[in-house]
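Using my numbering, the first residue of the sequence shown is number 237, and each one after it goes up by one. Heads up, the beta-carbon is just placed ideally off N, CA and C, and yes, glycines get one too.
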Amino acid sequence: MARAIRPVVMFLLTAVWTATALADVKAFDELERRQGSVGSYKALVIGIDTYADPGIEGSPAAVEGARHVADALKGRAGFDVKLLINEAAGRAAVMREFRGLARGMGINDSVLVYFSGSSHTDKAARKAWWLPSDARPDDPATWIADDEIQEAVNVMKARDVLILSDAALGDTMFGATHRLASRRDGEYYVELFNKRSRWAMISGNVHPVAGEGGVSVFARGVASALSSKGPCLTTMEMFSGMKKELRKSGTMPPRCRSLRNTGDQGGEFVFLLSAPAPAPVVVKAPRIKPKAAPVAVVKLVPPKPKPTRKPVDGRLKVSSNITGAELYINGKKQGITPVGNIALKEGTHEVRLSKEGYLAWNGTIDIERGKERSLSATLEKEPPQKGKLFVKVKPGNASIRLDGAAFKSGGTVEAGTHTVKVSAPLFKSGKAKVVVSSGKDAWVEVFLTPRDSFKGEWGHYVYIKPGTFTMGSPDTESRRKEDESAHSVTLTWGFFMQDKEVTVAQWQAFVDDSGYKSEAETAGGAYALEDYVWTQSREYSWKNPGFSQSGDHPVTGITSADIQAFLKWVNKQSKYTYRLPTEAEWEYAARAGESAAFSTGACLGSADANVDANASWGECPAGAASNGTLPVGTFTPNAWGLYDMHGNVAEWCRDWYGRYPQKSVKNPTGAASGTNRVVRGGGWATYAYNARCAKREAVNPSRGCSEVGMRLVVEIPK
């Protein structure tokens with residue numbers, strides 16, 4: 237890396253933003269009057285001629301030039317200007333202002349940043365760094381790299397971004413250019429204004445070259461262009477008026493080109509200039525011509541000029557392995573290769589050839605008087621401007637799209653800013669912006685969050701977030717049982733729960749498609765309530781629970797084996813994974829954040845759920861008895877949107893019944909084996925106190941009952 241630290245003039249970053257979406261200007265008078273899609277203009281002007289570290293030499297023309305440009309911008313260009321000078325222009329302050337401009341301005345507005353200070357360059361790497369006022373010569377982390385500038389442009393919402401720099405920018409930043417149109421009318425300015433642009437202009441100076449009044453040639457050129465007579469000024473018009481003087485003062489050729497990989501769409505930044513103030517009217521008084529005094533006449537004889545010897549030139553021919561390379565000798569453009577018969581004075585001359593898509597060739601050649609020399613240069617192709625992008629996603633089955641196309645993590649992409657969109661079933665889609673630098677790996681994480689709810693093949697499902705709760709009941713809860721010992725349970729992964737119980741109609745669809753016969757139909761029948769006694773009979777099954785029902789009632793009379801057959805059929809035709817809830821999941825969802833006996837509080841009455849509230853208990857009043865199930869969702873849901881978690885039908889869980897653990901647990905799934913399965917929630921024939929959140933029932937898995945049904949949960953992929 238080259239270690240030469242050299243002053244940099246200001247860089248000018250300009251952007252135009254529209255309020256909500258990029259809107260077109262329809263007529264030239266909108267530009268003249270700054271109406272319609274024309275927003276406000278804001279400028280950040282930075283000048284540094286004094287550095288905290290004495291090892292960095294400042295330019296005496298930097299601050300004076302910054303103030304000169306700031307005044308010009310406040311004038312006819314109509315900018316709101318913020319000025320940062322010397323110690324106020326440290327790295328943190330400059331980057332903070334960049335972020336503020338990107339974040340705080342709308343896409344109809346215009347932003348301009350003008351920077352003047354010192355720089356560090358690396359010709360081999362074709363990179364450059366600006367040095368803020370607190371930069372340290374031996375610490376690149378305190379500098380501002382040109383790719384940081386490029387990334388700042390990438391994230392701006394601007395219609396147009398223009399960088400003007402009286403110093404070096406990395407060669408890899410530049411793209412294509414435009415020719416200045418010969419005819420420039422109102423339609424020309426409107427067309428350029430409406431097209432998004434990302435451009436940069438550099439002077440070619442290694443430091444601000446002081447001109448008149450201590451202002452650099454570049455700064456004076458910018459200010460002069462802003463004082464032009466017309467109502468509009470484009471980037472190329474500004475450059476056209478400056479480049480002749482810049483070539484005289486610069487050590488390298490000036491440039492005006494688009495910025496690569498920043499979203500340029502072929503436009504140019506258009507300055508809007510107010511009408512200049514009219515010149516004052518001068519009234520001349522008549523002059524009285526004085527009489528001339530007599531003057532002595534002295535005849536002067538000019539000295540005889542000394543003879544001078546005319547320099548004798550040499551000649552140079554230049555060719556390259558590719559035609560059309562731009563040739564510069566001592567910083568001045570000589571034409572497009574091949575070029576011949578170039579007259580040069582005796583001595584050593586710097587030669588540079590460049591062409592879009594190729595690495596620039598730099599060298600020197602010695603010219604002798606009266607002799608002709610030939611130079612053949614080989615330009616190498618520019619390395620691909622690409623890098624690798626790695627996208628880490630959750631859940632693991634999420635699909636990735638990069639700029640609208642399918643993408644696989646670890647793929648090679650063009651350098652620049654990209655939009656990553658990630659989607660997965662059951663999850664809200666997510667997206668992120670990522671900047672990929674040439675030759676480097678970029679990483680981005682997009683972790684999706686589950687949807688609040690979704691409508692699936694078997695009803696509506698509500699997302700139950702992970703959390704910790706006390707499972708079981710306290711010793712003080714009335715009618716509690718010994719198997720309800722309170723303990724802390726943490727569920728580390730959320731799930732979707734069916735908001736209503738599985739209905740008769742849904743079970744009918746399963747039977748119609750599969751031809752399945754329930755255990756009650758093929759064995760001894762289900763249990764139904766006859767004269768307050770649970771009685772098993774072949775006449776009872778899911779079709780006939782012992783009371784009248786319709787398709788929107790919860791299905792009953794099904795066994796654990798029946799449910800497994802149903803789940804196998806459901807999962808075979810679904811893109812989701814359905815199952816029964818664990819006992820812990822069921823109680824967590826039933827409580828919905830409530831620690832009392834019910835999700836409704838301390839009591840549960842016939843107005844709250846379909847239960848037998850005929851018996852009073854504790855301080856809770858008695859209600860009415862029930863004669864069978866009701867349509868699902870008849871009563872008000874709990875705080876998490878779940879219906880009938882108390883009453884209507886008790887619900888099978890996937891756990892084997894067993895004793896609770898005596899300590900805190902995570903994601904419990906019940907006993908490893910057993911003879912009975914867990915049933916929760918109580919049904920239409922259950923006394924209210926047996927429908928408590930903590931109440932557990934141990935039921936033979938082969939027993940079908942007209943008071944027991946089910947609801948499903950959907951697993952969320954990790």
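task: Measure the beta-carbon distance from arginine 327 to proline 373 and round it to whole angstroms, keeping in mind my assumption that it falls under 8 Å.
output: Contact flag wrong, Cβ pair sits at about 14 Å.
Proximity to leucine 948 [Cα-Cα], best of Lys899, His585, Ser439 and Lys804: Lys804
query: Smallest Cα separation from cysteine 856: which of Tyr925, Val847 and Leu509?
result: Tyr925
message: Count Cβ pairs between the region 682 to 692 and the region 864 to 873 that sit closer than 8 Å; are there 3 or more?
response: no
- prompt: Taking DSSP as the reference, what is the three-state secondary structure of histidine 882?
  reply: coil
- prompt: Should proline 790 and glycine 945 be called a contact, given that it needs their Cβ atoms to be closer than 8 Å?
  reply: For the pair proline 790 and glycine 945, the CB atoms are nearer than the 8 Å cut-off.
message: Classify valine 451: buried if its beta carbon has 16 or more other beta carbons within 10 angstroms, exposed otherwise.
response: Classification of valine 451: buried, given that the 10 Å Cβ count is 16 or more.
- request: Check whether the Cβ atoms of tryptophan 778 and isoleucine 794 sit closer than 8 Å, and answer yes or no.
  value: In contact: tryptophan 778 and isoleucine 794 (Cβ atoms closer than 8 Å).
- request: Within 10 angstroms of the Cβ of threonine 357, are there 16 or more other Cβ atoms? Answer buried if so, exposed if not.
  value: buried
message: Under DSSP, the beta strand (DSSP E) around alanine 338 begins and ends at which residues?
response: Careful: alanine 338 lies outside any beta strand (DSSP E), inside the alpha helix (DSSP H) at 327 to 340.
task: Would you mind reading off the limits of the alpha helix (DSSP H) that contains histidine 585?
output: It is not in any alpha helix (DSSP H) - histidine 585 instead sits in the beta strand (DSSP E) that spans 583 to 590.
query: With 16 as the cutoff for other CB atoms within 10 Å, does asparagine 441 come out buried or exposed?
result: So asparagine 441 ends up on the buried side.
message: For threonine 911 and glycine 919, what's the separation of their Cα atoms in angstroms?
response: Approximately 22 Å between the Cα atoms of the pair.
query: Can you name, in chain order, every residue of its own chain whose Cβ lies under 7 Å from the Cβ of aspartate 677, other than the five neighbours on each side?
result: Once the five neighbours on either side are set aside, the close Cβ partners of aspartate 677 are Gly623, Lys624 and Phe626.
query: In this structure, what does DSSP give as the bridge partners for asparagine 598?
result: The partner list for asparagine 598 (beta bridge, DSSP) reads Arg588.
- prompt: Does at least one heavy atom of the ligand FMN sit under 7 Å from the Cβ of valine 587?
  reply: Although the ligand FMN was asked about, the structure shown includes no ligands whatsoever.
- prompt: Name the DSSP beta bridge partners of isoleucine 231, please?
  reply: The first residue shown for the chain is 237 and the last is 954, placing residue 231 beyond what the model contains.
- request: Give the straight-line distance between the Cα atoms of lysine 902 and histidine 723, rounded to the nearest whole angstrom.
  value: If you take the alpha carbons of lysine 902 and histidine 723, they lie about 11 Å apart.
- request: Report buried or exposed for lysine 701, applying the criterion of at least 16 other Cβ atoms within 10 angstroms of its Cβ.
  value: exposed
task: With threonine 758 as the anchor, note down where its alpha helix (DSSP H) starts and where it stops.
output: Its alpha helix (DSSP H) spans residues 755 to 758.
message: According to DSSP, valine 627 sits in a beta bridge with which residue or residues?
response: Val680
field: asparagine 430, enclosing alpha helix (DSSP H) - first and last residue
entry: 422 to 430
- prompt: The beta strand (DSSP E) spanning leucine 563 covers which residue range?
  reply: 562 to 565
- prompt: Can you give the Cα-Cα distance for alanine 515 and valine 506, rounded to whole angstroms?
  reply: Residue placement at alanine 515 is poorly supported in this model, since its pLDDT is 49, which falls under 50; the coordinates still yield a value, given next. C-alpha of alanine 515 to C-alpha of valine 506: approximately 26 Å in a straight line.
task: Count the other CB atoms, across all protein chains shown, that sit within 10 Å of the CB of lysine 663; report buried if there are 16 or more and exposed otherwise.
output: Per the sequence shown, residue 663 should be read as phenylalanine rather than lysine. Buried is the call here.
message: Let me make sure I understand the geometry here. Which of Asp549, Glu823 and Val575 has the alpha-carbon closest to that of glycine 560?
response: Val575
- request: Mind checking which residues open and close the alpha helix (DSSP H) that includes leucine 405?
  value: Element bounds for leucine 405: n/a, residue is neither H nor E.
- prompt: Ends of the alpha helix (DSSP H) at methionine 946?
  reply: Run containing methionine 946: none; DSSP gives neither H nor E here.
query: Can we say the region 761 to 775 touches the region 733 to 749, given the rule of at least three CB pairs closer than 8 Å?
result: At 8 Å Cβ cutoff, the stretches do not touch.
field: Boundaries (first-last residue) of the alpha helix (DSSP H) holding lysine 691
entry: Segment 689 to 692 is the beta strand (DSSP E) holding lysine 691; no alpha helix (DSSP H) there.
message: Going by DSSP, what residue range makes up the beta strand (DSSP E) through isoleucine 438?
response: Per DSSP, isoleucine 438 belongs to the beta strand (DSSP E) from 433 to 438.
- prompt: By Cβ distance below 8 Å, which residues in the same chain neighbour lysine 644 in space, the five residues on each side in sequence not counted?
  reply: Ile636
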